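Notes for the one structure printed next.
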Amino acid sequence: MILPVRLEPDAITQPGPADALASDEAAVRAIAGVMVTELGLPLPTEFTVFVHPTTASYAEGLARAGEMPGWRAAEIAAYSVGLSQHRRVFINADVLGGRPRSTWLGLVAHELTHLAQYELSGGRRGASEQWLREGMADWVACRILERLGESSFSTERNQAILALAQDLATLEEHPVDLTELGNPGGWEARHLRSGDRLTYRLAFLLTDELISRYGFGRMVAYFRTFADSDDRPGNFERVFGLPLSAFESEAVARIRHEVVEASGTGPATPPRRRQQ
């Protein structure tokens with residue numbers, strides 16, 4: 033199924049929960065409405081959502097419409113549920129079979145956030161932190177689900193903490209390295225090594241820590257910097273006011289404290305948050 037979407041700026045409205053459930057196209061428009069009117073994220077006026085019924089057709093779509101080499105398209109299709117390019121979204125509906133409607137809505141919100149990141153960066157992917165691209169997409173998806181009455185942000189965050197608690201041994205075996213997770217190759221390697229539940233939830237929690245400290249507007253400003261510069265560490269430090277290594281040390285300690293408590297393996301001394 034191909035959903036060509038045209039967003040007329042004057043026609044974008046704030047949807048109610050029922051609007052998101054009427055059809056796939058209505059879901060896309062409802063989510064886009066929340067992103068633009070309530071979160072202030074830019075979306076292209078025209079984009080296309082390709083919904084593929086099988087993993088094989090998903091791989092074929094990535095190769096044809098996504099203009100990828102066939103081998104790379106097959107490789108990505110084997111482990112991913114969705115992928116976004118500038119003004120194009122690809123979704124593998126095969127793996128969504130039997131899952132609740134909220135899963136579909138969350139996936140659409142996640143992928144539309146990637147479209148917004150392209151818009152913020154002037155239509156290019158840029159060299160922005162991969163963990164932050166994915167973490168922001170999940171963060172926005174959780175806000176969208178809450179807005180549409182499908183879940184609550186606190187519930188989604190608690191589930192992320194519990195997921196890490198269940199995989200605490202894996203987290204200890206493979207410590208967080210944001211330099212690795214910042215580039216697409218390192219992110220993919222960690223994703224395949226540790227699993228998507230651990231990797232994406234970790235990115236979501238790290239992003240939530242950044243937004244809790246500095247606000248969502250600073251996140252938007254971060255992606256805008258890549259319209260003119262691919263200085264990944266420099267852009268992070270200029271926007272957030274500290275080196276990535278310092279944020280990693282502080283944020284991972286705070287998240288680990290929550291995870292250890294949730295796992296029931298014993299109390300941990302809560303780390304201090306940097307004074308702003």
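If you read the sequence shown in the working numbering, its first letter stands for residue 33, the second for the next number, and so on.
We put the CB at the ideal spot given by N, CA and C, even for glycine.
These numbers were taken from a predicted model, which means no experiment stands behind them.
Next on the checklist: Less than 8 angstroms between the beta carbons of GLY138 and ALA110, yes or no?
Outcome noted: no
Checklist entry - Does the segment 258-273 touch the segment 151-171, meaning 3 or more C-beta pairs lie closer than 8 angstroms? => result yes
Checklist entry - Between THR80 and ARG133, which are expected to be in contact by the criterion C-beta below 8 angstroms, what is the C-beta distance as a whole number of angstroms? => result No, THR80 and ARG133 are not in contact; Cβ-Cβ is about 22 angstroms, not under 8 angstroms.
Checklist entry - Which two residues bound the contiguous alpha helix (DSSP H) that contains THR80? => result First-last for THR80: 78-84, but that is the beta strand (DSSP E), not the alpha helix (DSSP H).
Item to check | Whether GLY98 touches ALA105 by CB criterion (8 angstroms) | outcome: yes
Item to check | Assumed close pair GLU182, LEU75 - CB separation to whole angstroms, cut-off 8 angstroms | outcome: That pair is no contact at about 20 angstroms.
Checklist entry - Which term fits GLY214, buried or exposed, when burial requires 16 or more other beta carbons within 10 angstroms of its beta carbon? => result buried
Item to check | Inter-residue Cα distance where the pair is ALA197 and VAL292 | outcome: 7 angstroms
Next on the checklist: Can you tell me whether GLN307 is buried or exposed? The criterion is at least 16 other CB atoms within 10 Å of its CB, across all chains shown.
Outcome noted: Any answer about GLN307 is weak, because its pLDDT of 41 lies below 50 and its placement is not dependable; what the coordinates show is given next. By the 10 Å Cβ count, GLN307 comes out exposed.
Checklist entry - In angstroms, rounded to a whole number, what distance separates the CA positions of VAL127 and ILE108? => result 14 angstroms
Item to check | Environment of MET33 [buried if 16+ CB atoms lie within 10 Å] | outcome: exposed
Next on the checklist: Any heavy atom of the ligand HEM closer than 7 angstroms to the beta-carbon of HIS206?
Outcome noted: For the structure depicted, the ligand HEM is absent and the ligand set is empty, with no information on it obtainable.
Item to check | Complete runs of the alpha helix (DSSP H) confined to the segment 54-114 [at least 4 residues] | outcome: 56-69, 87-96 and 102-109
Checklist entry - What is the DSSP secondary structure of ASN124, reduced to helix, strand or coil? => result strand
Next on the checklist: Can you look up LEU35 in the DSSP assignment and give me helix, strand or coil?
Outcome noted: strand
Checklist entry - Going along the chain, which residues of its own chain have a beta-carbon closer than 7 angstroms to the beta-carbon of GLY218, five neighbours each way excluded? => result GLU212
Next on the checklist: Could you tell me the alpha carbon to alpha carbon distance between LEU276 and GLU269, rounded to whole angstroms?
Outcome noted: 7 angstroms
Checklist entry - Would DSSP call SER186 helix, strand or coil? => result helix
Next on the checklist: Please classify THR309 as buried or exposed, where buried requires at least 16 neighbouring CB atoms within 10 angstroms.
Outcome noted: Only positions 33 to 308 of the chain appear in this structure, which leaves residue 309 out of reach.
Item to check | Endpoints, the alpha helix (DSSP H) within which LEU276 is located | outcome: 276-295
Item to check | Terminal residues of the alpha helix (DSSP H) in which THR257 lies | outcome: Counting along the chain, THR257 falls outside any alpha helix (DSSP H), and DSSP gives it neither H nor E.
Checklist entry - Is ALA259 closer than 8 angstroms to GLU166 when the C-beta atoms are compared? => result no
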